[in-house]
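**Student:**
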Amino acid sequence: MTRKVLIVEDEEYVLHVLKTILGTDGYRILTAKNGESAKMKILTHQPDMILLDLGLPDIDGVDLLKKLRSWTKVPVLVVSARTTEKDKVLALDQGADDYISKPFSSPELLARIRAAFRRNIIADYVVDTFSVGDFLIDFEKRVVTVKSVPVRLTQIEYQIVELIARQPGKVMTYGYLIKNIWGPYADTQNNRILRVNMSNIRRKIEEDSMNPRYILTEIGVGYRMAEN
Ligand code: CA
């Protein structure tokens, strides 16, 4: 099975170099240019390894690492221009599996990646669920239940519910949802298909779909998962 490696790196050039190097060893590559996008990629794709830059535009890589470690053991190789011993120790203490200083050589990088895979750390994403009221979503089993009764959702409907439930309380804009469900080239101006899906979802999960309790509408903006 092809291993999935997520590269978290905001510098276009370095990202390009890393992609090229990893491509030669046949990994499936995912990329993220900031912490927010990295989190979403990890949640939706569950990569087998993460190469993590520390200087990200929206979060410090070490803080991202700290958050990650509460729910996954996925091997993380820090690839950073911070080269002091203190930086290395800090990242390793927060759960990084290895530390590679920039600039790096491609044979060394590939060797370290192979070594980390040899250690056989299983990414082991925590079984996680989210619930509010009688609504429950099991992200690992990809199952939604209401009052403990499984709800039959289509693939697309499930994906929409999952995206919204991953960050309860946060408004997910129509454009964000459309792009994440139907891909980067989807027409974000046209949210008709999203609204159709949402009304089907509500019919299935809400007691009164006119007065939803779980997935709330922010008029003109998007949807938001209710919080406990
Ligand atoms: Ca950077």
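Quick note on numbering: the numbering used here labels position 26 of the sequence shown as 13, and the sequence is numbered without any gaps. Think of the CB as a built atom: it goes at the ideal place given N, C-alpha and C, for glycine as much as any other residue.
What residue ranges within the segment 17 to 104 form continuous alpha helix (DSSP H) runs of no fewer than 4 residues, ordered along the chain?
**Tutor:** Complete alpha helix (DSSP H) runs here, min 4: 22 to 32, 48 to 55 and 72 to 80.
**Student:** What residues are listed by DSSP as bridge partners for Pro137?
**Tutor:** Within the sequence shown, numbered from 1, the residue matching residue 137 stands at position 150. DSSP lists Thr132 as partners of Pro137.
**Student:** Start and end of the alpha helix (DSSP H) containing Met185?
**Tutor:** Position 198 of the sequence shown, counting from 1, holds the residue named residue 185. It spans Arg179 to Ile192 - the alpha helix (DSSP H) in which Met185 sits, taken as one unbroken run.
**Student:** What are the start and end residues of the beta strand (DSSP E) that includes Thr11?
**Tutor:** Indexing the sequence shown from 1 puts residue 11 at position 24. In the DSSP annotation of this structure, Thr11 is not part of any beta strand (DSSP E); the continuous alpha helix (DSSP H) holding it starts and ends at Glu(-1) to Thr11.
**Student:** Would you mind sorting Pro171 into buried or exposed? The rule is 16 or more other CB atoms within 10 Å of its CB.
**Tutor:** Position 184 of the sequence shown holds residue 171. The residue is exposed, with fewer than 16 neighbouring Cβ atoms inside 10 Å.
**Student:** For the 8 Å Cβ check, are there 3 or more pairs between the segment 68 to 86 and the segment 9 to 18?
**Tutor:** no
**Student:** Does at least one heavy atom of ligand 1 sit under 8 Å from the Cβ of Gly22?
**Tutor:** As a position in the sequence shown, residue 22 is number 35, starting the count at 1. No.
**Student:** Would the segment -3 to 7 and the segment 122 to 133 be scored as touching if the rule is three or more Cβ pairs under 8 Å?
**Tutor:** Contact check between the segment -3 to 7 and the segment 122 to 133: fewer than three CB pairs, one atom from each, fall below 8 Å, which does not count as touching.
**Student:** Helix, strand or coil: which one does DSSP assign to Val158?
**Tutor:** The count along the sequence shown starts at 1 and reaches residue 158 at position 171. Of the three classes helix, strand and coil, the one that applies to Val158 here is strand, per DSSP.
**Student:** What residues in its chain sit with their C-beta under 6 Å from that of Gly22, if we drop five residues either side in the sequence?
**Tutor:** Working through the sequence shown from its first residue, we reach residue 22 at position 35. The beta carbon of Gly22 lies closer than 6 Å to those of Leu43, Asp45, Ile46 and Leu51 in the same chain, with the five residues before and after it left out.
**Student:** Among Pro137, Glu194 and Leu203, which has the Cα closest to the Cα of Ile151?
**Tutor:** Walking along the sequence shown from the start, residue 151 turns up at place 164. Per the Cα distances, Leu203.
**Student:** What are the partner residues of Asp125, as DSSP defines its beta bridges?
**Tutor:** For the purposes of this step, residue 125 is identified with residue 138 of the sequence shown, where counting begins at 1. Note: Asp125 sits in a beta bridge opposite Thr116 and Val130.
**Student:** Can you say whether Asn215 is buried or exposed, counting buried as having 16 or more other CB atoms within 10 angstroms of its CB?
**Tutor:** For the purposes of this step, residue 215 is identified with residue 228 of the sequence shown, where counting begins at 1. When all chains shown are included, Asn215 counts as exposed.
**Student:** Going by the DSSP bridge assignment, what does Lys(-9) pair with across the sheet?
**Tutor:** As a position in the sequence shown, residue -9 is number 4, starting the count at 1. Partner(s): Arg15.
**Student:** For Lys28, count the other beta carbons within 10 Å of its own beta carbon; 16 or more makes it buried, fewer makes it exposed. Which is it?
**Tutor:** Translated into positions along the sequence shown, residue 28 becomes position 41. When all chains shown are included, Lys28 counts as buried.
**Student:** Excluding sequence positions up to five away, which residues of its chain have a Cβ less than 7 Å from the Cβ of Leu97?
**Tutor:** One-based indexing of the sequence shown puts residue 97 at position 110. Within the same chain, Leu97 has close Cβ partners Ile8 and Asp12.
**Student:** Expressed to the nearest angstrom, what Euclidean distance is found between the alpha-carbon atoms of Gln250 and Ala25?
**Tutor:** Here the chain comprises residues numbered -12 to 215, so residue 250 is not present and cannot be evaluated.
**Student:** Less than 8 Å separating the Cβ of Glu(-4) from some heavy atom of ligand 1?
**Tutor:** On the sequence shown, position 9 is the one that residue -4 refers to. In this structure, Glu(-4) has its beta carbon less than 8 Å from a heavy atom of ligand 1.
**Student:** I need the straight-line Cα distance from Val183 to Lys166, nearest angstrom please.
**Tutor:** Sequence index remark: in the sequence shown, residue 183 carries index 196 (1-based). Sequence index remark: in the sequence shown, residue 166 carries index 179 (1-based). Roughly 16 Å separates the two Cα atoms.
**Student:** Going by C-alpha distance, which of Leu41, Val76 and Leu164 is nearest Val(-5)?
**Tutor:** The count along the sequence shown starts at 1 and reaches residue -5 at position 8. When each option's Cα is compared against that of Val(-5), the closest is Leu41.
**Student:** Kindly indicate which three-state DSSP category Ile206 falls into: helix, strand or coil?
**Tutor:** Taking the first residue of the sequence shown as 1, we reach residue 206 at position 219. The answer is coil: DSSP assigns Ile206 none of H, G, I, E or B.
**Student:** Alpha carbon to alpha carbon, what distance is there between Thr18 and Pro34?
**Tutor:** What you label residue 34 is simply residue 47 of the sequence shown in a count that begins at 1. What you label residue 18 is simply residue 31 of the sequence shown in a count that begins at 1. Between Pro34 and Thr18, the alpha-carbon positions lie close to 11 Å from each other.
**Student:** First and last residue of the alpha helix (DSSP H) that includes Ala152?
**Tutor:** As a first step, residue 152 must be located in the sequence shown, where it is residue number 165. Bounds of the alpha helix (DSSP H) holding Ala152 are Gln142 to Arg153.
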